[in-house]
Structures are given as structure tokens and as C-alpha cells.
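Asker:
Numbering (full-length UniProt numbering), first residue to last: 1 to 102.
Okay, structure coming up:
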């Protein structure tokens, strides 16, 4: 079985994540790499519920804050050096985290 290469994209901004995905799709179309994806992984929701009262006493009401972390993964069956080099040179925003597994 051939060794697979995986690229995992993580971001709190879905718009910037989709922009990076479209850039990677352009590179894949140009180089003709054999790929599966982007496969959407479950969105992780981080919740924090602190009390509204500044002193911590009194009414039991809470603020509700949440942050959504969106994740996508590309699975390359065959990835040549040219395609990998073009993907690493893409302008990726700082809010998008890219992990490469070989």
C-alpha cells in the first residue's frame, strides 16, 4: 500500500478556511494529484459560562461565550514534490493552522 500524505486545516473563521481550500483545489487541478477531500471533520465547540455578577454573589445568571473550531482534511494518495512545493508557497492567513502528516 502506498504511503498517504494528509493535510489538516483548522480555523475559527469558516470564510478564511474556505478561501484556503479553494487555493489548494486550484493547485490540485493544475498538478493532477490524486486526492480525496476536503473531508469535513466535526466542528469543535468550546463553551465558557462565567457568572454575570462581578462579586460572584447574588443572581445566578451567566454569560455564554463559545468558539467554533472548523476542521477539514485532504488525503493525498500520490503527491509529487511539485504539488507539495506549490501548496507550501500558498498565502495562508494566520488564523488558519495547517498540519502536514506523511
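Built from N, CA and C at the ideal position, the CB exists for glycine as well. This one's a predicted model, so the numbers in the text were calculated from it and none came from an experiment.
1) If you run the structure through DSSP and keep just helix, strand and coil, what is residue 26?
2) Could I get the ranges of all uninterrupted alpha helix (DSSP H) runs contained in the UniProt domain "Small ribosomal subunit protein uS10" (6-101), with 4 residues as the minimum, in chain order?
3) Taking the Cβ atom as the reference point for each residue, do residue 70 and residue 14 lie within a distance shorter than 8 Å?
4) If you pair each beta-carbon of the stretch 28-40 with each one of the stretch 92-101, do three or more pairs fall below 8 Å?
5) Using the Cβ count rule (16 or more neighbours within 10 Å means buried), how would you classify residue 45?
6) State the Cα-Cα distance for the pair residue 74 and residue 68, rounded to the nearest angstrom.
Answerer: Quick look at the numbers:
1) Helix.
2) List check, alpha helix (DSSP H) in window: 14-31 and 81-88.
3) Between residue 70 and residue 14, the C-beta gap is smaller than 8 Å, which places the two residues in contact.
4) At 8 Å Cβ cutoff, the stretches do not touch.
5) Note on residue 45: under 16 other CB atoms within 10 angstroms of its CB, so exposed under the neighbour-count rule.
6) So the two alpha carbons sit approximately 20 Å from each other.
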